[in-house]
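Here's the structure, in structure tokens; my notes come after.
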Amino acid sequence: MITDRQTKILQEARDFAYAELKDETSGHDWWHIVRVTNIAVEIAKQERADVFICELAALLHDIADGKLNESEEVGLQKVEQWLQNHQASEAEIAHVLEIVSTMSFKGDHQQKNISTLEGKIVQDADRLDAIGAIGIARAMAYSGHMGRPIHDPDLQPRENMTLEEYRTGKSSAIMHFYEKLLKLKDMMNTAAAQKMAESRHRFLEEYYE
Numbered sequence: 023m024i025t026d027r028q029t030k031i032l033q034e035a036r037d038f039a040y041a042e043l044k045d046e047t048s049g050h051d052w053w054h055i056v057r058v059t060n061i062a063v064e065i066a067k068q069e070r071a072d073v074f075i076c077e078l079a080a081l082l083h084d085i086a087d088g089k090l091n092e093s094e095e096v097g098l099q100k101v102e103q104w105l106q107n108h109q110a111s112e113a114e115i116a117h118v119l120e121i122v123s124t125m126s127f128k129g130d131h132q133q134k135n136i137s138t139l140e141g142k143i144v145q146d147a148d149r150l151d152a153i154g155a156i157g158i159a160r161a162m163a164y165s166g167h168m169g170r171p172i173h174d175p176d177l178q179p180r181e182n183m184t185l186e187e188y189r190t191g192k193s194s195a196i197m198h199f200y201e202k203l204l205k206l207k208d209m210m211n212t213a214a215a216q217k218m219a220e221s222r223h224r225f226l227e228e229y230y231e
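In this note's numbering, the protein residues as written are 23 to 231.
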């Protein structure tokens, strides 16, 4: 049961995320937040997880993203300060920060361990929005944002990348399929997300073919 205090925090978090991300053009915009939040809440209910924590972390997850800040640390500090100023408890703050600091895809062998069901759910929701039709559109938008081509036949998929290589190395939208998107179906944490990923993954494969 979500309390009145938590309901107020969620509404203020929506307002905060909208203000921060409404003009974002990299595919990490307000409507990405809406989709991820809706998916996270749906999975949380199926998995009997803490819906409040899942919804709050989903709303704030890209506020902390290192791609949208000077650094990941700066982003996490922004989220922590916001939570402290909006009546979140110490336990809620710690849980949300753990989720948003560990959920991002960081290239091969760079994944951080997620210790809670709620963290796994929010990560699944974010990954589900990276595949299927919307995932393809977001990949194209991000490549354009980064000045990368849709396709370069001279580029080969990169394996065993560091985080720096994954984020800043030479790539293309099509290479992003190999390097991330086509891997995500098998990286889902929850049974609900695994089922949801199947049709989205098939769409990726059919599009690429």
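Note that CB positions come from ideal geometry on N, CA and C, so glycine has one too.
field: Chain-order list of residues whose beta-carbon lies under 7 Å from that of V63 (same chain, five-residue window excluded)
entry: As a working mapping, residue 63 is identified with position 41 in the sequence shown. Excluding positions up to five away in sequence, the list reads V73, C76 and E77.
field: D26 to K142 span [Cα, whole Å]
entry: Locating residue 26 in the sequence shown gives position 4, where the first residue counts as 1. Locating residue 142 in the sequence shown gives position 120, where the first residue counts as 1. If you take the alpha carbons of D26 and K142, they lie about 26 Å apart.
message: Taking only three categories from DSSP, how would you classify R70?
response: Stepping through the sequence shown from its first residue, residue 70 is reached at position 48. Collapsing the DSSP output to three states places R70 in coil.
field: Segment contact, 8 Å Cβ cut-off, at least three pairs: the stretch 89-107 with the stretch 40-52
entry: Below 8 Å, enough C-beta pairs join the stretch 89-107 and the stretch 40-52 to call them touching: three or more.
Given I156 as reference, the closest of V96, L226, I121 and N107 once Cα atoms are compared: Start at 1 with the first residue of the sequence shown, and residue 156 comes out as number 134. Selected option, being the one with the closest Cα: L226.
- prompt: Count the other CB atoms within 10 Å of the CB of Q28; is the residue buried (16 or more) or exposed (fewer)?
  reply: One-based indexing of the sequence shown puts residue 28 at position 6. The residue in question, Q28, is buried, as its Cβ has 16 or more Cβ neighbours within 10 Å.
field: V58 to A147 span [Cα, whole Å]
entry: Against the sequence shown, residue 58 aligns to sequence position 36. Against the sequence shown, residue 147 aligns to sequence position 125. V58 and A147: Cα-Cα distance of roughly 5 Å.
- prompt: Leaving out five residues before and five after Y229 in sequence, what residues of the same chain have Cβ atoms less than 7 Å from its Cβ?
  reply: Here residue 229 refers to the residue found at position 207 of the sequence shown. Contacts found: I158.
query: Should L206 and I153 be called a contact, given that it needs their Cβ atoms to be closer than 7 Å?
result: Translated into positions along the sequence shown, residue 206 becomes position 184. Translated into positions along the sequence shown, residue 153 becomes position 131. A contact, by the Cβ cut-off of 7 Å.
query: So, helix, strand or coil for Q216, using DSSP?
result: Walking along the sequence shown from the start, residue 216 turns up at place 194. In this structure, Q216 counts as helix in the three-state DSSP scheme.
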